[in-house]
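Residue numbers (full-length UniProt numbering): 1 to 515. For every residue, glycine included, the Cβ atom is placed at its ideal position computed from N, Cα and C. Step one of this worksheet: look at the structure below.
Structure follows, in structure tokens:
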């Protein structure tokens, strides 16, 4: 064994040198692509073994047949229920439902109450927000223990595959990746401090751009990354704002292997804080504290000044403000769309078969996330440069942001959601509640004669507002779509005395308690 060491280390050093040199020039020998193709074939073979040899899980026995139904596994993005009424409610609020003749206000509200109640139950079972902050599950095991398919013995063949994969990742790939990462990281940090000393602005920018491209490509190779860029003719070159969907902190790394960007973001500590300091030495970046409300105006002014200067690098922004699990695109913050009238959209889609690139910052530190990426099989990402989009004359910042988000979601094959990604950390804001109230009032104005309601209709509306859950349940059981308008209003109004009696008794009990 000792005799082989003088041969082994030079070979490893030569291999590392070849990988680094190829990364610097953005070239490849096709080994990573071959490696991914082999892994994909192995996973397909392993899935076939799992499907054939794994014991069938059962849920329940079909009544009257004596047969048991097999439990169906599904990916987290497929969902466990069919969200029919949630879709109906959104369609109504957006004004996309089939046009009908103007209806009585009470009938519309009663019918909508049924849809809202059902949509609420659907949200309780499975909402559209929290599922976007969990790792995307796979339909089959990729031999990594970090999914719901943690190691479990199914057959000796799959067990042998898992052991072999563990040895390959931790004892061969990880040591090589750590060395490559250290070289790329040191080159990036060191070059920034050196380039920052160059007095000539154009030379400094030229040196920074090429140093960043080379160092970012080296770091990307430490994750065995395969990055496919599409429509590069739409890439931003001088100034401007680029916006992209956000999955992980390495999104910037992925994009920076093809273009050089200025960055804006929250000040960090640790390794991220060190990199922010190094990058700021060589190029203009914008870092801010989210907790400092007074700093926001300064950030906006600095961002506007940056985008108006064509000599500066295009700035990359992730307007979602948080990482989403790459199954959807959530609400874009309007700030960056108020500053610039022209936006360069970028769509990013990771292949989750070989690794899950999503960063759950509430459960993992940045160091833990990097280690998880190091010990994964590979990172595969498709990047699409969309044609630049310009804000229309009759379009406000919110409408513009939604149009850009919709284009990114469509290109990346992602679900377009209007929910704020910050809901994973914060309570629902009153502004969001008021927005939905306004959307529903707009619907009533479109479909009813709410501006000319009669006294009886007004009383019925007041009754609907004051019903408790038990009374509402009883009322809905008595109502029928076949009822005419007068009967419907009469049925609802019959609950008026019951409600007034309940309100009076509750008011009397509260007065006695206070006395």
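ask   = Short check: CB of residue 203 to CB of residue 263, under 8 Å?
value = Mapped onto the chain shown, residue 203 falls at position 203. Mapped onto the chain shown, residue 263 falls at position 263. In this structure, residue 263 does not lie closer than 8 Å to residue 203 by Cβ.
Rounded C-alpha distance that separates residue 409 from residue 350 = Mapped onto the chain shown, residue 409 falls at position 409. Mapped onto the chain shown, residue 350 falls at position 350. Cα to Cα, the separation comes out at about 13 Å.
ask   = Who are residue 230's beta bridge partners in DSSP?
value = For the purposes of this step, residue 230 is identified with residue 230 of the chain shown, where counting begins at 1. Paired residues: 384.
task = Look at residue 335 and residue 307 and say whether their C-beta atoms are less than 8 Å apart.
result = Within the chain shown, numbered from 1, the residue matching residue 335 stands at position 335. Within the chain shown, numbered from 1, the residue matching residue 307 stands at position 307. Cβ atoms of residue 335 and residue 307: not closer than 8 Å.
key: Run of the beta strand (DSSP E) containing residue 344, from where it starts to where it stops   = As a position in the chain shown, residue 344 is number 344, starting the count at 1. Start and end: 342–350.
ask   = Does the distance from the C-beta atom of residue 339 to that of residue 389 stay below 8 Å?
value = Indexing the chain shown from 1 puts residue 339 at position 339. Indexing the chain shown from 1 puts residue 389 at position 389. The answer is no: Cβ separation not under 8 Å.
Through-space distance from residue 234 to residue 244, alpha-carbon basis = Counting from one through the chain shown, the residue named residue 244 turns up at place 244. Counting from one through the chain shown, the residue named residue 234 turns up at place 234. One C-alpha to the other measures close to 14 Å.
key: CB of residue 227 within 8 Å of CB of residue 247, strictly   = Mapped onto the chain shown, residue 227 falls at position 227. Mapped onto the chain shown, residue 247 falls at position 247. No; because the gap between Cβ atoms is not below 8 Å, this pair is not in contact.
query = Which residues in the same chain have their Cβ closer than 8 Å to the Cβ of residue 320, if we skip the five residues on either side of it in sequence?
reply = Translated into positions along the chain shown, residue 320 becomes position 320. Here the set comprises 245, 246, 329, 330, 331, 332, 333 and 421.
inquiry  = Using 8 Å as the threshold, is the C-beta distance between residue 219 and residue 185 below it?
reply    = Translated into the one-based positions of the chain shown, residue 219 becomes position 219. Translated into the one-based positions of the chain shown, residue 185 becomes position 185. In contact: residue 219 and residue 185 (Cβ atoms closer than 8 Å).
request  = Reducing DSSP to helix, strand and coil, say where residue 116 ends up.
outcome  = Residue 116 sits at position 116 when you count from the first residue of the chain shown. In the structure shown, residue 116 sits in a helix (DSSP, three-state: H, G or I).
key: Three or more C-beta pairs below 8 Å linking the segment 269–284 and the segment 182–196   = yes
query = DSSP state of residue 265, grouped into three classes?
reply = Taking the first residue of the chain shown as position 1, residue 265 is located at position 265. Correct three-state label for residue 265: strand.
task = Return the CA-CA distance between residue 359 and residue 499, expressed in angstroms with no decimal places.
result = Looking up residue 359 in the chain shown gives position 359. Looking up residue 499 in the chain shown gives position 499. Distance between the alpha carbons of residue 359 and residue 499: 50 Å.
message = Looking at the secondary structure, which residues open and close the beta strand (DSSP E) in which residue 242 lies?
response = Walking along the chain shown from the start, residue 242 turns up at place 242. It spans 241–244 - the beta strand (DSSP E) in which residue 242 sits, taken as one unbroken run.
inquiry  = Can you look up residue 328 in the DSSP assignment and give me helix, strand or coil?
reply    = As a working note, residue 328 is residue 328 in the chain shown. Of the three classes helix, strand and coil, the one that applies to residue 328 here is strand, per DSSP.
message = Taking a contact to mean a Cβ-Cβ separation below 8 Å, would you say residue 374 touches residue 174 in this structure?
response = Position 374 of the chain shown, counting from 1, holds the residue named residue 374. Position 174 of the chain shown, counting from 1, holds the residue named residue 174. Yes.
query = Which of helix, strand or coil does DSSP assign to residue 162?
reply = Here the question's residue 162 lines up with position 162 in the chain shown. Here residue 162 sits in helix by DSSP.
task = To the nearest angstrom, report how far apart residue 289 and residue 465 are at their CA atoms.
result = Position 289 of the chain shown, counting from 1, holds the residue named residue 289. Position 465 of the chain shown, counting from 1, holds the residue named residue 465. Cα to Cα, the separation comes out at about 43 Å.
ask   = Can you give the Cα-Cα distance for residue 13 and residue 393, rounded to whole angstroms?
value = In the chain shown, the residue the question calls residue 13 occupies position 13. In the chain shown, the residue the question calls residue 393 occupies position 393. Using only the alpha carbons, I get a separation of about 59 Å.
inquiry  = Please classify residue 162 as buried or exposed, where buried requires at least 16 other C-beta atoms within 10 Å of its C-beta.
reply    = Your numbering for residue 162 matches position 162 in the chain shown. By the 10 Å Cβ count, residue 162 comes out buried.
key: Sheet register partners of residue 288 (DSSP bridge)   = Counting from 1 along the chain shown, the entry for residue 288 is found at position 288. According to DSSP, residue 288 bridges with 266.
task = From the DSSP output, in three-state form, read off residue 390 for me.
result = Taking the chain shown and counting its residues from 1, the one referred to as residue 390 is at position 390. Residue 390 falls in the strand class under three-state DSSP.
ask   = Run through DSSP, which three-state label would residue 416 get?
value = Position 416 of the chain shown holds residue 416. Residue state, collapsed to three classes: strand.
query = To which residues does DSSP link residue 20 through a beta bridge?
reply = If you number the chain shown from 1, residue 20 lands on position 20. Bridge partners of residue 20: none, in fact.
inquiry  = What does the Cβ neighbour count give for residue 435, buried or exposed, with the cut at 16 atoms within 10 Å?
reply    = Counting from 1 along the chain shown, the entry for residue 435 is found at position 435. Exposed is the call here.
task = Whole angstroms is fine: what's the gap from residue 470's alpha carbon to residue 116's?
result = What you label residue 470 is simply residue 470 of the chain shown in a count that begins at 1. What you label residue 116 is simply residue 116 of the chain shown in a count that begins at 1. Taking the straight line joining both Cα atoms gives about 16 Å.
ask   = Under the criterion of a Cβ to heavy atom distance below 7 Å, does residue 479 qualify as lining the ligand PLP?
value = With respect to small molecules bound, the structure shown includes none, and the ligand PLP cannot be examined in it.
request  = Using alpha carbons as the reference points, say which of 474, 482, 46 and 459 lies closest to residue 489.
outcome  = If you number the chain shown from 1, residue 489 lands on position 489. Closest by alpha carbon: 459.
ask   = From residue 418 to residue 267, what distance separates their C-alpha atoms?
value = Here residue 418 refers to the residue found at position 418 when the chain shown is read from its first residue. Here residue 267 refers to the residue found at position 267 when the chain shown is read from its first residue. So the alpha carbons of these two residues sit roughly 27 Å apart.
request  = Under 8 Å Cβ to Cβ from residue 324, same chain only, skipping five residues before and after it: list those, please.
outcome  = The sequence position of residue 324 within the chain shown is 324, counting from 1. Excluding residues within five positions, the ones whose Cβ falls inside 8 Å are 132, 133, 245, 246, 247, 330, 358 and 421.
query = Does the Cβ of residue 23 have 16 or more other Cβ atoms within 10 Å, making it buried, or fewer, making it exposed?
reply = The residue labelled residue 23 in the question sits at position 23 within the chain shown. The residue in question, residue 23, is buried, as its Cβ has 16 or more Cβ neighbours within 10 Å.
ask   = Rounded C-beta distance between residue 195 and residue 211? I'm assuming under 8 Å.
value = As a position in the chain shown, residue 195 is number 195, starting the count at 1. As a position in the chain shown, residue 211 is number 211, starting the count at 1. Rounded, the Cβ-Cβ distance is 6 Å, consistent with contact.
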